[in-house]
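Chemist: Below you will find the structure I want to go over with you.
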Amino acid sequence: KEFAIKPLDKKTEVFKFNSSKLRVNKLILQLCIGNHDLFMRRRRVDSLEVQQMKSQAREEKARKQLERHRLCREKQLREDAERARDDLERRLLQLQDEAQLANEALLRSEETADLLAEKAQIAEEEAKLLAQKAAEAEQEMQRLQVTALRTEEEKRLMEQKVLEAEVLALKMAEESERRATEAEQLKQDLQDAREAEKRAKQKLIEITSKSSHTPLKSSTATMPTDIPSFENGNFTFDFKDTDMKRLSMEIEKEKVEYMEKSKHLQEQLNELKTEIEALKLKDRETPLDIIHNENTELGSNKYN
1 KEFAIKPLDK KTEVFKFNSS KLRVNKLILQ LCIGNHDLFM RRRRVDSLEV
51 QQMKSQAREE KARKQLERHR LCREKQLRED AERARDDLER RLLQLQDEAQ
101 LANEALLRSE ETADLLAEKA QIAEEEAKLL AQKAAEAEQE MQRLQVTALR
151 TEEEKRLMEQ KVLEAEVLAL KMAEESERRA TEAEQLKQDL QDAREAEKRA
201 KQKLIEITSK SSHTPLKSST ATMPTDIPSF ENGNFTFDFK DTDMKRLSME
251 IEKEKVEYME KSKHLQEQLN ELKTEIEALK LKDRETPLDI IHNENTELGS
301 NKYN
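Heads up: the sequence shown at position 25 corresponds to 25 in full-length UniProt numbering, and the numbers run straight through without jumps.
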């Protein structure tokens with residue numbers, strides 16, 4: 001039996017073929033009938049019930065699609081809000097840590113400034129005291145130079161004492177100059193420390209004002225970009241606990257050295273004054289006084 005397939009396009013030729021088996025012919029016929037039924041079914045207008053069912057199905061599909069979009073959007077907004085909240089909390093903790101570090105640095109700078117002020121005051125007092133002692137030694141040297149001695153031995157002793165007084169006065173003058181220079185340096189260090197303290201206070205005020213105006217909102221979807229970030233490049237604090245301890249130990253050490261040196265110099269001046277007074281008294285002794293002193297040393301008097 002011959003089969004002919006006519007395409008819808010009229011320009012296309014008709015497809016014809018033959019089959020020798022009856023079973024194959026029946027299958028081809030059923031295929032053609034089924035294809036024709038499907039073609040006619042697609043061309044038929046749907047019934048009102050089918051149209052309503054299709055419309056309801058389309059509406060349900062659209063509603064579910066909108067619901068999925070809404071849920072996805074809400075989920076995204078919630079995740080964005082949680083991330084923004086976490087970022088704000090982390091930034092707030094960072095600001096609190098920076099404020100604490102700035103406060104600690106401010107306290108260290110204040111303590112260092114107090115120590116430098118104390119050391120500068122001590123150095124200034126030492127310089128004044130050394131200058132006073134140098135002036136006293138200079139006056140004593142002038143008195144020794146004016147004093148007239150009778151014998152060559154007394155003159156030699158007096159010249160030796162005058163030389164020692166000159167050396168002592170020179171040493172005191174040098175020490176006084178050194179202490180004065182050190183006092184000026186300490187004043188400069190104190191001024192630098194106070195400037196660092198002023199900068200640290202300004203930084204702490206800025207951090208406190210910024211952190212007090214930073215809101216923490218969990219409903220926002222974006223994180224603010226105007227939160228300040230303080231780095232260590234603008235402010236540096238060089239005063240640490242070890243520096244303060246070292247500075248305190250240095251001040252105590254210099255106090256002890258100064259007291260020992262001052263005591264030693266005072267003893268030398270007292271000995272020098274005692275020897276000079278003894279020489280002056282010996283110079284004013286009369287022959288009768290000399291005889292009386294010799295008798296006293298021998299333990300004899302007018303009743304023996």
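Note that beta-carbon positions come from the ideal geometry of N, C-alpha and C, so glycine has one too.
Are the stretch 123 to 136 and the stretch 167 to 187 touching, with three or more C-beta to C-beta distances below 8 Å?
Modeler: Yes, they touch.
Chemist: I think leucine 168 touches glutamine 268, with their Cβ atoms under 8 Å apart; what is that distance to the nearest whole Å?
Modeler: 6 Å
Chemist: Is the Cβ-Cβ distance between alanine 102 and alanine 200 less than 8 Å?
Modeler: Against a cut-off of 8 Å, the Cβ pair of alanine 200 and alanine 102 comes out as a contact.
Chemist: Output the boundary residues of the beta strand (DSSP E) element that contains lysine 26.
Modeler: Not the beta strand (DSSP E): lysine 26 falls in the alpha helix (DSSP H), residues 22 to 43.
Chemist: When burial is assigned at 16 or more other CB atoms within 10 Å of the CB, is serine 229 buried or exposed?
Modeler: For serine 229, the predicted structure reports a pLDDT of 40, less than 50, and the residue's modelled location is therefore unreliable. A value from the coordinates is still provided. Exposed, by the Cβ-count rule.
Chemist: Under 8 Å, do glutamate 166 and methionine 141 count as touching if we go by C-beta distance?
Modeler: yes
Chemist: Lysine 16 lies in the beta strand (DSSP E); which residues open and close that run?
Modeler: 15 to 18
Chemist: Excluding the 5 residues flanking alanine 137 on each side, which residues of the same chain have their C-beta closer than 8 Å to its C-beta?
Modeler: Ala165, Leu168, Ala169, Met172 and Leu269
Chemist: Does aspartate 238 come out as helix, strand or coil in the three-state DSSP assignment?
Modeler: Residue placement at aspartate 238 is flagged as unreliable, the pLDDT there being 45, under the threshold of 50; the coordinate-derived value follows with that caveat. Reduced to three states, the DSSP call for aspartate 238 is coil.
Chemist: Can you tell me the Cα-Cα spacing of asparagine 295 and alanine 278, whole angstroms?
Modeler: 19 Å
Chemist: Based on the DSSP output, what are the partners of residue 314 in its beta bridges?
Modeler: A question about residue 314 goes unanswered here, because the residues of the chain that appear run from 1 up to 304.
Chemist: Please identify the residue among Leu106, Leu88 and Glu271 whose C-alpha is closest to the C-alpha of lysine 203.
Modeler: Leu106
Chemist: Quick check on DSSP: helix, strand or coil for aspartate 189?
Modeler: helix
Chemist: On the three-state DSSP scale, how would you describe serine 219?
Modeler: Reliability of the predicted coordinates at serine 219 is poor, the pLDDT of 38 falling under 50, and the value obtained from them is presented with this limitation in mind. Note: serine 219 maps to coil in three-state DSSP.
Chemist: Closest by CA to isoleucine 207, which one among Glu98, Leu186 and Gln132?
Modeler: Glu98
Chemist: Buried or exposed, going by whether 16 or more other CB atoms sit within 10 Å of the CB of arginine 108?
Modeler: buried
Chemist: Roughly how many whole angstroms lie between the Cα atoms of serine 209 and glutamine 96?
Modeler: The alpha-carbon atoms of serine 209 and glutamine 96 are separated by roughly 12 Å.
Chemist: What does the Cβ neighbour count give for threonine 12, buried or exposed, with the cut at 16 atoms within 10 Å?
Modeler: exposed
Chemist: What did DSSP end up calling threonine 12 once you bin it into helix, strand or coil?
Modeler: coil
Chemist: With a 10 Å radius around its C-beta and 16 neighbouring C-beta atoms as the bar for buried, classify residue 308 as buried or exposed.
Modeler: Nothing about residue 308 can be read from this structure; the chain reaches only from 1 to 304.
Chemist: Secondary structure at aspartate 46, three-state DSSP: helix, strand or coil?
Modeler: DSSP places aspartate 46 in coil when its eight states are reduced to three.
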